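What follows is a single structure, written as structure tokens, with notes after it.
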Amino acid sequence: MKNVGDLMQRLQKMMPAHITPAFKTGEELLAWQKEQGEIRAAALARENRAMKMQRTFNRSGIRPLHQNCSFDNYRVECDGQMNALSKARQYVDEFDGNIASFVFSGKPGTGKNHLAAAICNELLLRGKSVLIITVADIMSAMKDAFSNRETSEEQLLNDLSNVDLLVIDEIGVQTESRYEKVIINQIVDRRSSSKRPTGMLTNSNMEEMTKMLGERVMDRMRLGNSLWVNFTWDSYRSRVTGKEY
Numbered sequence: 002m003k004n005v006g007d008l009m010q011r012l013q014k015m016m017p018a019h020i021t022p023a024f025k026t027g028e029e030l031l032a033w034q035k036e037q038g039e040i041r042a043a044a045l046a047r048e049n050r051a052m053k054m055q056r057t058f059n060r061s062g063i064r065p066l067h068q069n070c071s072f073d074n075y076r077v078e079c080d081g082q083m084n085a086l087s088k089a090r091q092y093v094d095e096f097d098g099n100i101a102s103f104v105f106s107g108k109p110g111t112g113k114n115h116l117a118a119a120i121c122n123e124l125l126l127r128g129k130s131v132l133i134i135t136v137a138d139i140m141s142a143m144k145d146a147f148s149n150r151e152t153s154e155e156q157l158l159n160d161l162s163n164v165d166l167l168v169i170d171e172i173g174v175q176t177e178s179r180y181e182k183v184i185i186n187q188i189v190d191r192r193s194s195s196k197r198p199t200g201m202l203t204n205s206n207m208e209e210m211t212k213m214l215g216e217r218v219m220d221r222m223r224l225g226n227s228l229w230v231n232f233t234w235d236s237y238r239s240r241v242t243g244k245e246y
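Residue numbers for the sequence shown follow our numbering, so the first one is 2 and each next one is one higher.
Next up, the structure:
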């Protein structure tokens, strides 16, 4: 510390009078170096998680169809859509340190995936790790884990539990087998226990979701200031060309 302090003093003497040094003491310089090291370590950890997702699911983050979805290009044609957009923006703004999850419920083609992807894209820009995945893809990965020496079911569950935001799509489209219910239960339980939120996209209502997943899962999905947003308007999927994104 003394050597660093001496170095800082010598550098300050060599600087022109009109230049203000970024660091005035050795302690400030060391604190900055420590902070930068932590930032680099966090970035490396995120990259490693993304690479894990790439190996396990043959992709990381968000599917190409939704990679350009944002709050700005979300189509608003009614008050309900404006409310959904407002809540999604608020969810992102309050994400840090928040255990709150969300459920987007409604008919196909009403923009649930768009807003979920917009949330994830914004979080990616803020340095968070995200994954949007269907129940079918989770179960397929679980099945592959049985015959894969490199990835066990336990490792797969850990990967799904460690991303900053996991969004599970097509809840209710699956066969509703007991095994699927157990897996989703384990994922939500692990994530909530480690204070990581989960998003769910579904065509089902609250009663149907509770019947499918159980009261325990749905109770955990209510932790914190969690969201349940109903997408009650008509589908506009037939009008989507892809050029909107």
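Glycine is no exception: its CB is placed at the ideal position from the N, C-alpha and C atoms.
Quick caveat, the model's predicted, so the values are computed rather than measured.
Whether residue i touches residue j by CB criterion (9 Å)
i	j	result
SER130	GLY225	no
VAL104	TRP229	yes
MET140	ILE184	yes
THR135	PHE232	no
ILE133	ALA118	yes
VAL168	MET201	yes
ASN163	ASN122	no
THR203	SER87	no
ARG116	PHE96	The displayed chain sequence assigns Leu, not Arg, to residue 116. No. Outside cutoff.
Identified DSSP bridge partners for residue i
i	result
THR203	SER106, ILE172
ILE134	ILE169
TRP229	VAL104
Length of the line joining the Cα atoms of residue i and residue j
i	j	result
LEU166	ILE100	10 Å
PHE72	LEU214	30 Å
GLU171	SER194	24 Å
ARG197	ASN74	27 Å
LYS108	GLY128	32 Å
LEU161	SER178	20 Å
ARG64	GLN34	37 Å
ASP94	ALA85	14 Å
MET222	GLY173	16 Å
ASP80	ARG90	15 Å
GLN82	VAL189	27 Å
HIS67	LEU126	15 Å
TYR237	SER227	27 Å
GLU181	THR199	16 Å
GLU28	GLY98	29 Å
MET210	ASN186	12 Å
MET143	ASN159	12 Å
Where residue i falls: helix, strand or coil (DSSP)
i	result
GLY98	coil
TYR1	Outside the shown range of the chain, which is 2 to 246, sits residue 1, and nothing can be said about it.
TRP234	coil
MET2	Confidence at MET2 is low in this model, with a pLDDT of 46, below 50, so its placement is unreliable and no value can be given for it.
Contact with chain D by residue i, beta-carbon distance below 9 Å
i	result
ARG191	Here chain D cannot be found, since the structure has a single protein chain.
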